[in-house]
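Add 1 to a position in the sequence shown, counting from 1, and you land on the number used in the numbering used here. Yeah, the Cβ is synthetic: ideal placement off N, Cα and C, and Gly gets one too. Have a look at the structure below, then the notes.
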Amino acid sequence: MNKSGVILKKKSSPHGVKVPERKLTAGRPIERAPLPEKAVISLHQNLGAPGEALVRRGDRVLTGQRIGDSDKFVSAPVHATLSGEVTGTTMVINPPTAQPVEALVIGSDGTDEWVQLEPADRPEDLSAEEILDRIRQAGIVGLGGAAFPSHIKLAPPKKATIDTIILNGCECEPYATSDHRVMLEYGDRVLSGLNIIRRLLSPQSVYIAIEDNKEDAIAHMEDLIIGMGLEETIKIVPLESKYPMGAERVLTKLLLNREVPIGGLPLDVGAVIHNVGTTKAIHEAVVEGRPLIERVVTVTGAVKDPKNLMVRFGTPLRTLIEFCGGIVGSANKVILGGPMMGFAQFDLDFPTVKGTNSVIVKDDSALAEQQCIRCGRCIEVCPMRLMPTALARYAQAGHYDLCKEAYVDNCFECGVCTYACPANIPIVQHIKVAKRELARRAPRK
Ligand code: SF4
Ligand code: SF4
Numbered sequence: 002m003n004k005s006g007v008i009l010k011k012k013s014s015p016h017g018v019k020v021p022e023r024k025l026t027a028g029r030p031i032e033r034a035p036l037p038e039k040a041v042i043s044l045h046q047n048l049g050a051p052g053e054a055l056v057r058r059g060d061r062v063l064t065g066q067r068i069g070d071s072d073k074f075v076s077a078p079v080h081a082t083l084s085g086e087v088t089g090t091t092m093v094i095n096p097p098t099a100q101p102v103e104a105l106v107i108g109s110d111g112t113d114e115w116v117q118l119e120p121a122d123r124p125e126d127l128s129a130e131e132i133l134d135r136i137r138q139a140g141i142v143g144l145g146g147a148a149f150p151s152h153i154k155l156a157p158p159k160k161a162t163i164d165t166i167i168l169n170g171c172e173c174e175p176y177a178t179s180d181h182r183v184m185l186e187y188g189d190r191v192l193s194g195l196n197i198i199r200r201l202l203s204p205q206s207v208y209i210a211i212e213d214n215k216e217d218a219i220a221h222m223e224d225l226i227i228g229m230g231l232e233e234t235i236k237i238v239p240l241e242s243k244y245p246m247g248a249e250r251v252l253t254k255l256l257l258n259r260e261v262p263i264g265g266l267p268l269d270v271g272a273v274i275h276n277v278g279t280t281k282a283i284h285e286a287v288v289e290g291r292p293l294i295e296r297v298v299t300v301t302g303a304v305k306d307p308k309n310l311m312v313r314f315g316t317p318l319r320t321l322i323e324f325c326g327g328i329v330g331s332a333n334k335v336i337l338g339g340p341m342m343g344f345a346q347f348d349l350d351f352p353t354v355k356g357t358n359s360v361i362v363k364d365d366s367a368l369a370e371q372q373c374i375r376c377g378r379c380i381e382v383c384p385m386r387l388m389p390t391a392l393a394r395y396a397q398a399g400h401y402d403l404c405k406e407a408y409v410d411n412c413f414e415c416g417v418c419t420y421a422c423p424a425n426i427p428i429v430q431h432i433k434v435a436k437r438e439l440a441r442r443a444p445r446k
């Protein structure tokens, strides 16, 4: 422990891999991306149910106006990210599911005129119900990539006992630096949002997990915690930089020595984990009454001038790449969300969504797949102690029942096995197919 008592001893994991970090933009302050001429707002930007349009073609909308929502339990509204006219609807492919989803198209009027925001007069007097309602109305979802609606995560079932909050500032994916910059430039909002969550859940312990390749963020968060007089309440846990250190299951095991059950959540073992960008958004929703219409996105890889950008949702990838000087060389592939767990996107008109934390431009020169040489590396590195080689073999042969018996449900698709495989076997792709097939065959509840 250090002198202030805020920073605890560094932790490491025997699993996972050291990957080239390529954090080209770690030292680049956040810049504001240009407003697009039109925004394409997907009505399905959260885990759970898609929204339905609340506006029609020809309607005038203001920035921050709610334009899509659902009455389903697991859902979150979406808002206009610029002011102008609804010019119609279109379909966009949702990268995680590869399914088409409806989107609203808004032509900008160039004024960026906002709806009237309703800041809280005395945020400290808000009840738990009022806080959760403000979080839902603002459309807050997990910004670490999962996009699970935050108001649900923060209202655990009555029988659950939550004793720990972990704020996740690991950002273990190569290239990504948006969380790093959020901690450096918006650390006060991150901590304010964390305090709101503390009020809701009343945990015994609060940890902020940050990889040791972000020393400046660790020092800055420590200063802020001391400045707020919270050194006895909030502790920072530095983690060895390794992939996938920021995965919720890995964090729960490493910080609390608790195993998340198969098909379960950290909640099942008393922990709630939120990303630093999410608590910043929670502060803005609860204190300022501001809906989630933008986020920090790292635009990097084979672009002339990689940057961290504050991006309005619905901005096409093309606009961001052009703002970063355009593509360099023969790169022909864009990855959304990081090279390990992200999704390839070949359409540069695809609009950014709440879950877009990175846009990485790459050369798509895939290496040839070879036969498994039974080296066992995939087994060594798997943080869930699975047998990735067997899972891939069963999946390729269509033996999905054997995948199930080999605990395929416990795989959280981190991609470490694929990364480590010297035979270039796309193990995680085979596993994803098996999981999708098993889900399709499962009896509906
Ligand atoms: S089997 Fe799943 S959890 Fe294990 S390394 Fe591969 S992708 Fe990650
Ligand atoms: S790492 Fe690749 S080659 Fe080695 S055992 Fe696993 S699947 Fe086979």
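The residue from 173, 194, 202 and 179 with its alpha-carbon nearest to that of residue 213 is 173. Only residues of its own chain outside the window of five on either side were considered, and among them 86 and 87 have a CB closer than 8 Å to the CB of residue 60, listed in chain order.
Within the chosen limit of 7 Å, ligand 1 does not reach the beta carbon of residue 423 with any heavy atom.
DSSP, read as helix, strand or coil, puts residue 45 in coil.
Here DSSP, grouped into helix, strand and coil, assigns residue 272 to strand.
Non-local beta-carbon contacts of residue 380 in its own chain, meaning distances under 7 Å to residues more than five positions away in sequence, involve 388, 389 and 390 in chain order. The shortest CA-to-CA distance from residue 92 to any of 303, 377 and 350 is the one to 350. Going by beta carbons, residue 384 and residue 245 fall inside the 8 Å limit. Using a Cβ distance threshold of 8 Å, residue 271 and residue 178 do not count as a contacting pair.
In the structure shown, residue 344 adopts extended strand secondary structure according to DSSP, grouped into three states. By the Cβ-count criterion, residue 296 is buried, with 16 or more other Cβ atoms from all chains shown falling within 10 Å of its own Cβ.
Taking all protein chains in view, the Cβ of residue 81 is crowded by 16 or more other Cβ atoms within 10 Å, so the residue is classified as buried. Within the segment 291-320, no run of alpha helix (DSSP H) at least 4 residues long lies entirely inside it. Segment contact: the segment 41-52 against the segment 98-109, three or more CB-CB distances shorter than 8 Å; contact assigned. Taking the C-beta atoms as reference points, residue 18 is found no nearer than 8 Å to residue 160. Restricted to the segment 91-133, the beta strand (DSSP E) segments that are unbroken, complete and at least 3 residues in length are 100-109, listed in chain order. Cα atoms of residue 76 and residue 150: separation of roughly 6 Å, rounded to the nearest angstrom. Here residue 21 carries a coil assignment [DSSP, helix/strand/coil].
A buried status is given to residue 249, since no fewer than 16 other beta-carbon atoms sit within 10 Å of its beta-carbon.
Of 148, 399, 39 and 74, the smallest CA-CA separation from residue 113 is found for 39. DSSP lists 167 and 236 as the bridge partner or partners of residue 208. Check the Cα spacing between residue 329 and each of 438, 306 and 428: the tightest is with 306. Look at the segment 49-80 and you find these whole runs of beta strand (DSSP E), each 3 residues long or longer: 67-70. Counting every other CB atom within 10 Å of its CB across the protein chains shown gives residue 372 a total below 16, marking it as exposed. Check the Cα spacing between residue 356 and each of 147, 71 and 15: the tightest is with 147. Note that the segment 392-400 touches the segment 420-433; at least 3 beta-carbon pairs, one per stretch, sit closer than 8 Å. Annotated three-state conformation of residue 386 is coil, per DSSP. Burial is judged here by how many other beta carbons sit within 10 angstroms of a residue's own beta carbon; residue 326 has fewer than 16 and is exposed. With respect to the 8 Å criterion, residue 232 and residue 409 are not classified as neighbours on the basis of their beta carbons. In this structure, DSSP gives residue 192 a helical state, which the three-state scheme calls helix.
Residue 275 and residue 195 have their C-alpha atoms some 9 Å from each other. In this structure, residue 69 places its C-beta atom within 8 Å of the C-beta atom of residue 52. As DSSP reads the structure, residue 328 sits in a beta bridge with 304. In terms of Cα proximity to residue 35, the closest of 345, 106 and 309 is 309. Bounds of the beta strand (DSSP E) holding residue 363 are 359-363. With a contact defined as Cβ atoms closer than 8 Å, residue 136 and residue 227 miss out at about 28 Å.
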